[in-house]
Structures are given as structure tokens and as C-alpha cells.
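Colleague:
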Amino acid sequence: MVRFLVAVIGGLALGGVYTLIALGLVLAWRATPTLNFAHGQLILLAAMLAGYWQSTGGSIAGSALVAAAATALICVVFYRLVLRRTTGLPPFLPFVATLGLAAMIESALAIAFGGRRFPIELGFIPQGTTSIGGARFSSETLTIAALTVGLGVAVAATMRWTRIGIQVRAAGQDPVLASQGGINVHLVHACSWIAAGVLAAIAGLAYGSTIVVDPSLATIALAAFPAILLGGLDSFEGAVVGGLIIGLVQGLTATYLGSSYTQVVTYALLLVVLLVLPDGLFGSKVVTRL
Amino acid sequence: MTDSGATIADRLGPLLVDGDRGGPAPDRGPALEVTDLSVHFGGLAAVQHVSLTLQPGEALAVIGPNGAGKTTLLNAINGALPRNTTGNVSIMGTPAPRRGALWASRSGLARSFQHPVLIEAATVRENLLLGSHLRLRYTALHQLIPGTRMRREEAREHEKAQLVAEVLGLQDQLREPVSELPYGARKLVDIGRSLMSQPRVLLLDEPTSGLDARERARVTELLAALVRSRQVAIMVVEHHMDVIRAAIPRVVGLRAGVAVADGPTDEVLASAEFQTVLLGAVDGPRP
Numbered sequence: 302m303v304r305f306l307v308a309v310i311g312g313l314a315l316g317g318v319y320t321l322i323a324l325g326l327v328l329a330w331r332a333t334p335t336l337n338f339a340h341g342q343l344i345l346l347a348a349m350l351a352g353y354w355q356s357t358g359g360s361i362a363g364s365a366l367v368a369a370a371a372t373a374l375i376c377v378v379f380y381r382l383v384l385r386r387t388t389g390l391p392p393f394l395p396f397v398a399t400l401g402l403a404a405m406i407e408s409a410l411a412i413a414f415g416g417r418r419f420p421i422e423l424g425f426i427p428q429g430t431t432s433i434g435g436a437r438f439s440s441e442t443l444t445i446a447a448l449t450v451g452l453g454v455a456v457a458a459t460m461r462w463t464r465i466g467i468q469v470r471a472a473g474q475d476p477v478l479a480s481q482g483g484i485n486v487h488l489v490h491a492c493s494w495i496a497a498g499v500l501a502a503i504a505g506l507a508y509g510s511t512i513v514v515d516p517s518l519a520t521i522a523l524a525a526f527p528a529i530l531l532g533g534l535d536s537f538e539g540a541v542v543g544g545l546i547i548g549l550v551q552g553l554t555a556t557y558l559g560s561s562y563t564q565v566v567t568y569a570l571l572l573v574v575l576l577v578l579p580d581g582l583f584g585s586k587v588v589t590r591l
Numbered sequence: 079m080t081d082s083g084a085t086i087a088d089r090l091g092p093l094l095v096d097g098d099r100g101g102p103a104p105d106r107g108p109a110l111e112v113t114d115l116s117v118h119f120g121g122l123a124a125v126q127h128v129s130l131t132l133q134p135g136e137a138l139a140v141i142g143p144n145g146a147g148k149t150t151l152l153n154a155i156n157g158a159l160p161r162n163t164t165g166n167v168s169i170m171g172t173p174a175p176r177r178g179a180l181w182a183s184r185s186g187l188a189r190s191f192q193h194p195v196l197i198e199a200a201t202v203r204e205n206l207l208l209g210s211h212l213r214l215r216y217t218a219l220h221q222l223i224p225g226t227r228m229r230r231e232e233a234r235e236h237e238k239a240q241l242v243a244e245v246l247g248l249q250d251q252l253r254e255p256v257s258e259l260p261y262g263a264r265k266l267v268d269i270g271r272s273l274m275s276q277p278r279v280l281l282l283d284e285p286t287s288g289l290d291a292r293e294r295a296r297v298t299e300l301l302a303a304l305v306r307s308r309q310v311a312i313m314v315v316e317h318h319m320d321v322i323r324a325a326i327p328r329v330v331g332l333r334a335g336v337a338v339a340d341g342p343t344d345e346v347l348a349s350a351e352f353q354t355v356l357l358g359a360v361d362g363p364r365p
């Protein structure tokens, strides 16, 4: 039982980070049908900036602001200067553009920080341990799990039930129709990319606080791709559910089979789901009228 | 007449009178003025030097053979082709900047599409309400948490959506996802969405294509009621001459992107230009 609880809590903590990453990817996808392959680099950028800020004596609040502002600024400039111009062009062009952005961010970080590694201290999070069901858990892990999952649910609920969420969904589904309804599609898309950048920053700080930040942190975004494919590429609810499921599966696999099996089990699960539900658990089904 | 016996004009009355704007449009000149409008796609001239004027409450039909540029003309007026268009468009006396469809819709222009564009995952009611977005004055806070005033306004728009659905015969399908509707019903939803914004200028692109006889009669009656009300300026692209004769008093004929006729419906449809050029006979003016 203790082992199970450890696996579940650990999985939820990881799942919360995946949820935030997946939501950022879905926001970018809904705005400009683009899989943002620079999302991992944005997460890394946020974590590096936050770690560097703290290493020079800055506060956690300051580091969070700097990180979020940097990623948000990069996202909105990238949308405005690059993605808006790829509207109507072949879909591989924005995809290639995000690869270019990823390369630029990685190179800039390598130039700025070289091989330096940074710890991130989230001072406002309780330290110590907490007992649940006979098992002892890091209070930091529990808090991060609760905060990330809670934030992910809040974002998905905002997209689902508020008027601004309706605008985002309408603008993403059909920009022409949304414009007819008076929705400023370009503004909505720009704000979606800003939100994606902020979510990347939060994910970077949350995940970066559990490890020491180095350039390999960017690969966390690749680990979240199964989450959005499982949940449905265009579904906010799917991003939350997919992220938590993948996190739980990896937690349970690591505990009972060993960490070397996590990728195998994750992608096997993804394959089974996609064979039955090609659009994922909550993804929109494409209707073709003959 | 609708099933209840009330005329469509009676039922449309509350929908057409714009309480928020204080009734009919103030006298600011033509509802729609198109001056020397041309649309090019690379080397192809889809619309060439078209000029027309539509006064508030006036209606005209745009006719012509396939490929004449009718839908392209509507797209250009609507602001959907800012990079391909030259010439000037004014809506309610205000020149349109090259800012796309958003400016046009906020200036009081609404349109339906030749192939209905709808939010597939949404219901009929939700698609109709998309047309209300312009009229609901959301602040940033109301986007997240609607207050009492906003809920009241939304309730009013829900009632309007019910009215529009009844006028179009969709009242029993309000809760159905549009993805499950037949083509004719989808066209009606698209038309209903355009009415929901209470436009000053209404562009309808082949509103009766794909409709069965009963649906076409309903739309014809709706058009006639809108024209009689003189509350909204209407430009309709249409291939069914019986619909035009029944509802629209003025016709503009396009051929190969050029306006070759403009006048009262009976005159244009009886004219040599219509018989020879617009019906695609051998002789006629070359662009």
C-alpha cells in the first residue's frame, strides 16, 4: 500500500508538470495549428533564467516574473513576426519555424550560461515531510503536485466555461467565422501564445525545483507529447487528463517495473488508445461530408 | 406565414429594431458603397472595377454565371481578401481600412457563406449565439465572471436565438450539434447566425442553394420580409431567379468579374444583357 501511494503521489506530481506542458502545447495548437517544438526550450529558458536570477541574490518572486516575462515576450514576438505570416501556407512551415526557434533559444542559452547548472528554490513551498497512509512524502512534492494540477484544472475550466474560453475555441476552430462574430482573432491568438509561454515558465520552475537545472531539462516537453496525443491534440480537458494519466502510468511503472520500462509502457498505452480512439480521449473527431 | 400563423415580418420586428443603436441607422450616407473594386489572384482578375451603392434598407441581388466573381465580390466587401483587393469600400459612410473581416463586422456588416461555415462541435443554439458576440459588451472581467447585467443581456440574446430559430424552422433542432444536420439546415443556421448580430448591411451568399422547396420558400419569405422592413441593407448572391423576382427589387449582373447590368429586377431580367451575356450566350461585351 505504501509503495502504491508513493507511486501515485509521485506520478501525480510529474503528471501535474505534464499537464501544464500539455496545456501550453494545446493552446499553441488551437491558436495556430502548430506543434510547438520549441516548448521544451521555453521551459528550459524559464528555468535557467529563474535559477540564474536566484544565484545572483534575487527573490523567487522576481525570478518567476523574469522567467514568465521572457517566455511570454518570446512567444508573442514569434507569433507576431513569424506565425501570422505563415497563415495559409503549407503546415510544415510553422513546424519548421518552431524548430528554428528551439535552436535559437538553445544556442542563446549555451552562449549565455555555457555548461552552468542552477538549483531553483521555491521558498514559499513548505519543506519537510508529510505522512499519508503510513508513507512519508516530501511536502514540497505534495505542494507542487497540488499547485500544478490545480492550475491545470483551472486553465482547462477557464477554456471550457468562460466567455474568453469560447473566444479562444471559436478563433482556433474557424478564424473566418470568429471574425464574423466580432472576435479579434489575431489578439486572441497572440494571447494564447502568451499564455502558452507563461505555462511553460511555470512548468519550468515547478520541474526545475525538483532537480538541478541543466540543458537536458528541455527534453521534458518531449515526454509530455504522449499526454497531448492521449488526451486529444485540440482538447484542454484532454491535456489535463492525458497529463495526469501519463504521470500516473510512469509513476506506477517506475515503482513496480523500474524506470527503464517507463517509456515502453507509456508508448504502449498510447498506441492502444490511439488504435481505439485515433483522436485521443477528448480530441475533436473530424467529420468529412461526402 | 410561419406555422403559428404570424407573418415572418411580425416575428422579425423585435429582431430588426436595434434598441441599442436607437432604431434605424443615422443618416451617414450609403449603407454600402463600393468604388472601383478589383480583386486579383496573381494574374487572374476575379473582380474588375466594380462600383455600386446600396442605401440603408435597400436590397440588391448579384447574379451571373459560375466563375463570374460574385462570391469573390462579397469576400472583398467583407474584408476577407485585404491583400488581393484594390479600390474602396465604405460601410455606413465610413471607409474600410485594410484590416480584414473584423472591422467590417464591427461596422455593422454580417454575412452568410456559400458553403456554411459553422462551429461543428457546437449546437445550433451556440452557433446562432456566435452572431451575438458583437452585441454583448464583455469587459475583461466579464469574460471570466459574467455579472448580473451580462447575464441579463445573454438571456435576451438567447430569446432572440429562439426567435430566429422559429423563423427559420429550426426550433426543434436548437440542441443538436450542427455536425449532425443536413446541408439545408446548416445553411439556415448560417443565415440565422448572420441575422443575430442585427446588421446594418447583410450579405447573403447563395442562401437558397442546397435547400428543398419548403426551406427555399421559407428563406424567400424571410428575404421579402427583410426587404419590406427596410431596416437592413441587403446584398444577396443568388442563382434562383424566382427567389429574386419574389423578394429583391434590384439586380446587378456580373460576368467575368465585370458589372454588365445594374437596375430594377424586372428590367434587368428581361434585358438583352441578361438573355445573352449573363446566361452565357455567344455574343456580348468582353472584359
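Read top to bottom, the protein sequences are chains A and B.
Mind the numbering: the first sequence is residues 302 to 591 in our numbering, read in order.
Mind the numbering: the second sequence is residues 79 to 365 in our numbering, read in order.
Glycine included, every Cβ here is placed at the ideal spot set by N, Cα and C.
For clarity, every value in this text was computed on a predicted model and none was experimentally measured.
#1: As a quick exercise: from V450(A), V469(A), V454(A) and G483(A), pick the residue whose alpha carbon is nearest that of G316(A).
#2: With a cut-off of 8 Å on the beta carbons, I'd call P277(B) and L187(B) a contact; round off their distance for me.
#3: Grouping DSSP H, G and I as helix and E and B as strand, with all else coil, what is S517(A)?
#4: Would you list the residues sitting across from L122(B) in a DSSP beta bridge?
#5: My parser needs the alpha helix (DSSP H) runs of 4 or more residues fully inside the stretch 320 to 403 of chain A; what are they?
#6: Quick check on P327(B) - is its C-beta less than 8 Å from some C-beta in chain A?
#7: Report all residues from its chain with a CB closer than 6 Å to the CB of T150(B); omit the five preceding and five following residues, and keep chain order.
#8: Look at Y508(A) and V318(A) and say whether their C-beta atoms are less than 8 Å apart.
#9: Determine the closest residue to P516(A) out of I344(A), I547(A), L534(A) and P391(A), with distance taken between C-alpha atoms.
#10: From the DSSP output, in three-state form, read off V245(B) for me.
#11: For a contact meaning CB atoms closer than 7 Å, what does G209(B) contact in chain A?
#12: V513(A) CB to nearest chain B CB: under 8 Å?
#13: Mind listing which residues of the stretch 451 to 473 of chain A have their C-beta closer than 9 Å to chain B's C-betas, in chain order?
#14: Have a look at V338(B), L289(B) and I326(B) and flag the residue whose alpha-carbon is nearest the alpha-carbon of P194(B).
#15: In the DSSP assignment, the beta strand (DSSP E) including A137(B) goes from what residue to what residue?
#16: Unbroken alpha helix (DSSP H) runs of length 4 or more, entirely within the stretch 317 to 357 of chain B: which are they?
#17: Considering just the uninterrupted stretch of the alpha helix (DSSP H) at G498(A), what are its terminal residues?
#18: Could you list which residues in chain A have their beta carbon closer than 8 Å to that of I179(B), in chain order?
#19: With a threshold of 8 Å, are at least 3 pairs of Cβ atoms found where one atom belongs to the stretch 238 to 249 of chain B and the other to the stretch 290 to 302 of chain B?
#20: Taking Q309(B) as the reference, give the member of L115(B), P108(B), N144(B) and P134(B) with the closest Cα.
#21: Measure from the C-beta of S493(A) to each C-beta in chain B and report whether the shortest distance is under 8 Å.
#22: Suppose the cutoff is 6 Å on Cβ atoms and the five residues either side in sequence are ignored; what does the same chain contact list for E345(B) look like?
#23: Check whether chain B comes within 8 Å of N485(A), counting only Cβ atoms and requiring the distance to be less than that.
#24: Are V338(B) and T286(B) touching if we call contact CB-CB under 8 Å?
#25: Checking contacts by CB at 8 Å: is S585(A) closer than that to chain B?
#26: What does the alpha-carbon distance come out to for the pair L212(B) and G147(B)?
#27: Decide if G100(B) is buried, meaning its Cβ has at least 16 other Cβ atoms within 10 Å, or exposed.
#28: Do you know how far the Cα of A504(A) is from the Cα of R331(A)?
#29: Counting pairs of beta carbons, one from the stretch 266 to 273 of chain B and one from the stretch 196 to 210 of chain B, are three or more of them closer than 8 Å?
#30: Can you tell me whether DSSP reads P527(A) as helix, strand or coil?
#31: Hey, how far is the Cα of G424(A) from the Cα of S440(A)?
#32: Using the three-state DSSP reduction, which class does R464(A) fall into: helix, strand or coil?
Modeller: Put simply:
#1: Sequence index remark: in the first sequence, residue 316(A) carries index 15 (1-based). Ranking V450(A), V469(A), V454(A) and G483(A) by Cα distance to G316(A) puts V450(A) first.
#2: The residue given as residue 277(B) occupies position 199 in the second sequence. The residue given as residue 187(B) occupies position 109 in the second sequence. Confirmed, Cβ separation roughly 6 Å.
#3: In the first sequence, residue 517(A) corresponds to position 216, counting from 1. Residue state, collapsed to three classes: helix.
#4: Taking the first residue of the second sequence as 1, we reach residue 122(B) at position 44. Residue pairing of L122(B) in beta bridges, as defined by DSSP: F119(B).
#5: Listed in chain order, the complete alpha helix (DSSP H) runs (minimum 4 residues) inside the stretch 320 to 403 of chain A are 340 to 356 and 361 to 382.
#6: Counted from its first residue, the second sequence places residue 327(B) at position 249. Cβ-Cβ to chain A under 8 Å: no for P327(B).
#7: For this step, residue 150(B) is matched to residue 72 along the second sequence. V117, A124 and V125, listed in sequence order.
#8: For the purposes of this step, residue 508(A) is taken as the residue at position 207 of the first sequence. For the purposes of this step, residue 318(A) is taken as the residue at position 17 of the first sequence. Against a cut-off of 8 Å, the Cβ pair of V318(A) and Y508(A) comes out as a contact.
#9: Sequence index remark: in the first sequence, residue 516(A) carries index 215 (1-based). The residue among I344(A), I547(A), L534(A) and P391(A) with its C-alpha nearest the C-alpha of P516(A) is I344(A).
#10: Working through the second sequence from its first residue, we reach residue 245(B) at position 167. The answer is helix: DSSP assigns V245(B) an H, G or I state.
#11: One-based indexing of the second sequence puts residue 209(B) at position 131. Residues of chain A passing the Cβ test: G482.
#12: By 1-based counting over the first sequence, the position of residue 513(A) is 212. Output row for V513(A): interface = no.
#13: Taking 9 Å as the Cβ-Cβ cut-off against chain B, the residues of the stretch 451 to 473 of chain A that qualify are T459, T463, R464, I465, G466, I467, Q468, R470 and A471.
#14: Stepping through the second sequence from its first residue, residue 194(B) is reached at position 116. Per the Cα distances, L289(B).
#15: Along the second sequence, read from residue 1 onward, the residue named residue 137(B) stands at position 59. Per DSSP, the unbroken beta strand (DSSP E) holding A137(B) starts and ends at A137 to I141.
#16: The qualifying runs are 319 to 325 and 343 to 348.
#17: On the first sequence, residue 498(A) is found 197 positions in, with the first residue counted as 1. Boundaries of the alpha helix (DSSP H) harbouring G498(A): V486 to G509, taken from the DSSP string.
#18: Position 101 of the second sequence holds residue 179(B). Checking the displayed sequence, the identity of residue 179(B) turns out to be Ala instead of Ile. Below the 8 Å Cβ cutoff, chain A contributes V477, S480 and Q481 as neighbours of A179(B), in chain order.
#19: At 8 Å Cβ cutoff, the stretches touch.
#20: Reading the second sequence from its first residue, position 231 is the one you call residue 309(B). Just measuring C-alpha positions, the residue of L115(B), P108(B), N144(B) and P134(B) sitting nearest Q309(B) is P134(B).
#21: On the first sequence, residue 493(A) is found 192 positions in, with the first residue counted as 1. S493(A) does not count as touching chain B.
#22: If you number the second sequence from 1, residue 345(B) lands on position 267. Leaving aside the five residues that flank E345(B) on each side, none in its chain has a CB nearer than 6 Å to its CB.
#23: To locate residue 485(A), count along the first sequence from 1; it is residue 184. At a cut-off of 8 Å between beta carbons, N485(A) contacts chain B.
#24: Reading the second sequence from its first residue, position 260 is the one you call residue 338(B). Reading the second sequence from its first residue, position 208 is the one you call residue 286(B). Not a contact, by the Cβ cut-off of 8 Å.
#25: Along the first sequence, one-based indexing puts residue 585(A) at 284. Output row for S585(A): interface = yes.
#26: Position 134 of the second sequence, counted from the start, is the residue given in the question as residue 212(B). Position 69 of the second sequence, counted from the start, is the residue given in the question as residue 147(B). Taking the straight line joining both Cα atoms gives about 29 Å.
#27: Against the second sequence, residue 100(B) aligns to sequence position 22. Reliability of the predicted coordinates at G100(B) is poor, the pLDDT of 41 falling under 50, and no value is obtained from them.
#28: Counting from one through the first sequence, the residue named residue 331(A) turns up at place 30. Counting from one through the first sequence, the residue named residue 504(A) turns up at place 203. Their Cα atoms are separated by approximately 19 Å.
#29: With the cut-off at 8 Å, the stretch 266 to 273 of chain B and the stretch 196 to 210 of chain B touch.
#30: As a first step, residue 527(A) is located in the first sequence; it is residue number 226 there, counting from the start. Under the three-state reduction of DSSP, P527(A) is assigned to helix.
#31: In the first sequence, counting from the first residue as 1, residue 424(A) sits at position 123. In the first sequence, counting from the first residue as 1, residue 440(A) sits at position 139. Taken atom to atom, the span from the alpha-carbon of G424(A) to that of S440(A) is near 12 Å.
#32: To locate residue 464(A), count along the first sequence from 1; it is residue 163. Look at R464(A) here: in three-state DSSP terms it is helix.
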